[in-house]
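Numbering (my numbering), first residue to last: 2 to 331.
Ideal placement from N, C-alpha and C gives every residue a C-beta, glycine not left out.
Keep in mind that this is a model prediction, so the values were computed, not measured.
Only one structure is covered here, and it is reproduced in the block below.
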């Protein structure tokens, strides 16, 4: 089985951070969003990955090459963003006849990955939501067989939202249906969606079952990213690097603090993730994500997302600061 991870999106809701950093590489709970996904799938036995990149794709390529040299990784560029269906079609020559597990690059979920990978069925991950109109939606029969999927329906007939996890056994069938939606110009909301190709497969007799995810961690906006960061830290605990330099520093777990950090006269935590080689002095930081090589001096930071190489001095604020920023409230 091969994993396909589309990470070509621009991540506009996380700007200004995504002006300089792909959304998939935004830090969360001591890792990156993409890191959580790859490690989940690798632990379940998948060793070959296809990454579909576009915006800032070189950074994804470099991250994968440096972080996962032991895995077989391919990078495919999606130069025109025409939807998830178009993205998956670009992988056809790499997939061949193998089964695939498609995981959208901003989807961190808690589920039994091994059970799904080893299942004899094609399967789609779902979770019940209050308002499914902003998601792909699955309609199922009494035996959990999927009878219809639709992208962002105006009047949903089900509250089972597709969470971005697609395990597909009949890959040749998938690419036939992708070809069908292209040749017949079948689009949803102006794009060629994977959901439409899956519905084509179902209508032609493919059997899909659902699997329910226990938790779905939203990383799409600042507020939900910080909430997911706190939840993941509480669930899995944080890691404090052994080589950090501390002087009169109080650490309140759960936190994650990267290698090479300097902490002086400060209180860190709870629910804080700090990137490598950052410096925090005379400050209080809680419920926040701080990038690498950042400097905080005499500040109280709460519910904030601060990018790499940022410098913040003075006063207490709730911040949403991109990479390579310098702010001096003094």
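(request) Using three-state DSSP, classify residue 204 as helix, strand or coil. (result) Translated into positions along the chain shown, residue 204 becomes position 203. Residue state, collapsed to three classes: helix.
(message) Am I right that residue 103 and residue 5 are in contact with their C-beta atoms under 8 Å? What's the rounded C-beta distance?
(response) Within the chain shown, residue 103 is the residue found at index 102, counting from 1. Within the chain shown, residue 5 is the residue found at index 4, counting from 1. The pair is a contact, with the Cβ atoms about 5 Å apart (cut-off 8 Å).
(message) Check for me: the beta strand (DSSP E) holding residue 216 runs from which residue to which?
(response) Residue numbering aside, residue 216 sits at position 215 when the chain shown is read from its first letter. Element bounds for residue 216: 216-218.
(request) For residue 7, count neighbouring Cβ atoms within 10 angstroms of its own Cβ and tell me buried if that reaches 16, exposed if not. (result) Position 6 of the chain shown, counted from the first residue, corresponds to residue 7. Looking at its Cβ environment, which holds 16 or more other Cβ atoms inside 10 Å, residue 7 is buried.
(request) Tell me, to the nearest whole angstrom, how far the beta carbon of residue 55 is from that of residue 79; I am working on the premise that it is less than 8 Å. (result) Counted from its first residue, the chain shown places residue 55 at position 54. Counted from its first residue, the chain shown places residue 79 at position 78. Residue 55 to residue 79, Cβ: 5 Å. Contact.
(request) Please classify residue 88: is it buried, with 16 or more other beta-carbons within 10 angstroms of its beta-carbon, or exposed? (result) Within the chain shown, numbered from 1, the residue matching residue 88 stands at position 87. Classification for residue 88: buried.
(request) Would you grab the beta carbon distance between residue 34 and residue 45 for me? Rounded to a whole angstrom, and I think it's under 8 Å. (result) The residue given as residue 34 occupies position 33 in the chain shown. The residue given as residue 45 occupies position 44 in the chain shown. About 18 Å separates the two Cβ atoms, so there is no contact after all.
(request) Can you tell me which of 84, 314, 65, 92 puts its alpha carbon nearest to the alpha carbon of residue 77? (result) The residue given as residue 77 occupies position 76 in the chain shown. Ranking the options by Cα distance to residue 77, first place goes to 92.
(request) Assign residue 155 to one of two classes, buried (16 or more other C-beta atoms within 10 Å of its C-beta) or exposed (fewer than that). (result) Counting from one through the chain shown, the residue named residue 155 turns up at place 154. By the 10 Å Cβ count, residue 155 comes out exposed.
(message) For residue 96 and residue 227, what's the separation of their Cα atoms in angstroms?
(response) What you label residue 96 is simply residue 95 of the chain shown in a count that begins at 1. What you label residue 227 is simply residue 226 of the chain shown in a count that begins at 1. Rounded to whole angstroms, residue 96 to residue 227 spans 35 Å at the Cα level.
(request) Look at the alpha carbon of residue 49 and the alpha carbon of residue 3, and state the distance between them as a whole number of angstroms. (result) Position 48 of the chain shown, counted from the start, is the residue given in the question as residue 49. Position 2 of the chain shown, counted from the start, is the residue given in the question as residue 3. Going from the Cα of residue 49 to the Cα of residue 3 covers about 5 Å.
(request) Work out the CA separation of residue 18 and residue 27 for me, nearest whole Å. (result) In the chain shown, counting from the first residue as 1, residue 27 sits at position 26. In the chain shown, counting from the first residue as 1, residue 18 sits at position 17. Each residue's Cα considered, the two are about 8 Å apart.
(message) Can you give me the C-alpha to C-alpha distance between residue 230 and residue 185, rounded to a whole angstrom?
(response) Sequence index remark: in the chain shown, residue 230 carries index 229 (1-based). Sequence index remark: in the chain shown, residue 185 carries index 184 (1-based). Their backbone Cα atoms lie some 42 Å apart in a straight line.
(message) Within a Cβ cutoff of 7 Å, which residues of the same chain sit near residue 136, ignoring the five residues on either side of it in sequence?
(response) Here residue 136 corresponds to residue number 135 of the chain shown, with the count starting at 1. Excluding sequence neighbours, residue 136 sits near 130, 153, 162, 163.
(message) I need the straight-line Cα distance from residue 180 to residue 117, nearest angstrom please.
(response) For the purposes of this step, residue 180 is taken as residue 179 along the chain shown, with counting starting at 1. For the purposes of this step, residue 117 is taken as residue 116 along the chain shown, with counting starting at 1. Computed Cα separation, rounded: 27 Å.
(request) Could you spell out where the alpha helix (DSSP H) holding residue 67 opens and where it closes? (result) Residue 67 sits at position 66 when you count from the first residue of the chain shown. Segment 58-68, the alpha helix (DSSP H) holding residue 67.
(request) Have a look at residue 113 and residue 222 and give me their C-alpha separation to the nearest angstrom. (result) As a first step, residue 113 is located in the chain shown; it is residue number 112 there, counting from the start. As a first step, residue 222 is located in the chain shown; it is residue number 221 there, counting from the start. So the two alpha carbons sit approximately 26 Å from each other.
(message) Quick check on residue 87: does DSSP put it in helix, strand or coil?
(response) Mapped onto the chain shown, residue 87 falls at position 86. It is helical.
(message) Does residue 44 come out as helix, strand or coil in the three-state DSSP assignment?
(response) Your numbering for residue 44 matches position 43 in the chain shown. Residue state, collapsed to three classes: helix.
(request) With DSSP collapsed to three states, give me the class of residue 180. (result) Walking along the chain shown from the start, residue 180 turns up at place 179. Of the three classes helix, strand and coil, the one that applies to residue 180 here is helix, per DSSP.
(message) Determine whether the beta carbon atoms of residue 259 and residue 275 lie at a separation below 7 Å.
(response) Looking up residue 259 in the chain shown gives position 258. Looking up residue 275 in the chain shown gives position 274. Result yes, Cβ atoms of residue 259 and residue 275 sit closer than 7 Å.
(message) Does residue 248 come out as helix, strand or coil in the three-state DSSP assignment?
(response) The residue you call residue 248 lines up with position 247 of the chain shown. In the structure shown, residue 248 sits in a strand (DSSP, three-state: E or B).
(request) List the DSSP bridge partners of residue 28. (result) In the chain shown, counting from the first residue as 1, residue 28 sits at position 27. DSSP output for residue 28 lists 33 as bridge partner(s).
(request) Kindly list the residues whose CB is nearer than 7 Å to the CB of residue 315, restricted to its own chain and excluding five residues on each side of it in sequence; keep chain order. (result) As a working note, residue 315 is residue 314 in the chain shown. Closer than 7 Å at Cβ, skipping near neighbours: 299, 300, 329, 330, 331.
(message) So the candidates are 280, 266, 306, 246; which of them puts its Cα closest to the Cα of residue 272?
(response) Mapped onto the chain shown, residue 272 falls at position 271. Checking every option, the nearest Cα to that of residue 272 belongs to 306.
(message) For a quick check, are the C-beta atoms of residue 294 and residue 309 less than 7 Å apart?
(response) For the purposes of this step, residue 294 is identified with residue 293 of the chain shown, where counting begins at 1. For the purposes of this step, residue 309 is identified with residue 308 of the chain shown, where counting begins at 1. Against a cut-off of 7 Å, the Cβ pair of residue 309 and residue 294 comes out as a contact.
(request) Could you check how far apart the C-beta atoms of residue 241 and residue 252 are, in whole angstroms? I think they sit under 8 Å. (result) As a working mapping, residue 241 is identified with position 240 in the chain shown. As a working mapping, residue 252 is identified with position 251 in the chain shown. At roughly 7 Å, the Cβ-Cβ gap stays under 8 Å, so residue 241 and residue 252 are in contact.
(message) Quick test of your reading: residue 196 and residue 100, contact by CB under 8 Å. State the CB separation rounded to the nearest angstrom.
(response) Residue 196 sits at position 195 when you count from the first residue of the chain shown. Residue 100 sits at position 99 when you count from the first residue of the chain shown. Wrong, their Cβ atoms sit about 19 Å apart, outside the cutoff.
(message) Alpha carbons only, please: which of 269, 159, 246 is nearest the one belonging to residue 134?
(response) Working through the chain shown from its first residue, we reach residue 134 at position 133. Of 269, 159, 246, the residue nearest in Cα terms is 159.
(request) Going by DSSP, name the residue or residues bridged to residue 98. (result) For the purposes of this step, residue 98 is taken as residue 97 along the chain shown, with counting starting at 1. DSSP lists no partner for residue 98.
(message) Measuring straight from C-alpha to C-alpha, what distance separates residue 40 and residue 69?
(response) Position 39 of the chain shown, counted from the first residue, corresponds to residue 40. Position 68 of the chain shown, counted from the first residue, corresponds to residue 69. Their Cα atoms are separated by approximately 10 Å.
(request) Mind checking which residues open and close the beta strand (DSSP E) that includes residue 314? (result) Mapped onto the chain shown, residue 314 falls at position 313. It spans 312-314 - the beta strand (DSSP E) in which residue 314 sits, taken as one unbroken run.
(request) Give the single residue among 201, 190, 126, 109 whose Cα lies nearest to the Cα of residue 212. (result) As a working mapping, residue 212 is identified with position 211 in the chain shown. Checked all of 201, 190, 126, 109; the closest Cα to residue 212 is 126.
(message) Can you tell me where the alpha helix (DSSP H) holding residue 228 begins and where it ends?
(response) As a first step, residue 228 must be located in the chain shown, where it is residue number 227. Residue 228 -> alpha helix (DSSP H) spans 223-237.
(message) Looking only at its chain, what residues have a beta carbon closer than 7 Å to the beta carbon of residue 225, apart from the 5 residues adjacent to it on each side?
(response) Within the chain shown, residue 225 is the residue found at index 224, counting from 1. Closer than 7 Å at the Cβ level, and outside the excluded window around residue 225, lie 219.
(request) Tell me whether the beta-carbon of residue 292 lies closer than 7 Å to the beta-carbon of residue 20. (result) Residue mapping note: residue 292 aligns to position 291 of the chain shown, counting from 1. Residue mapping note: residue 20 aligns to position 19 of the chain shown, counting from 1. Not closer than 7 Å, so no.
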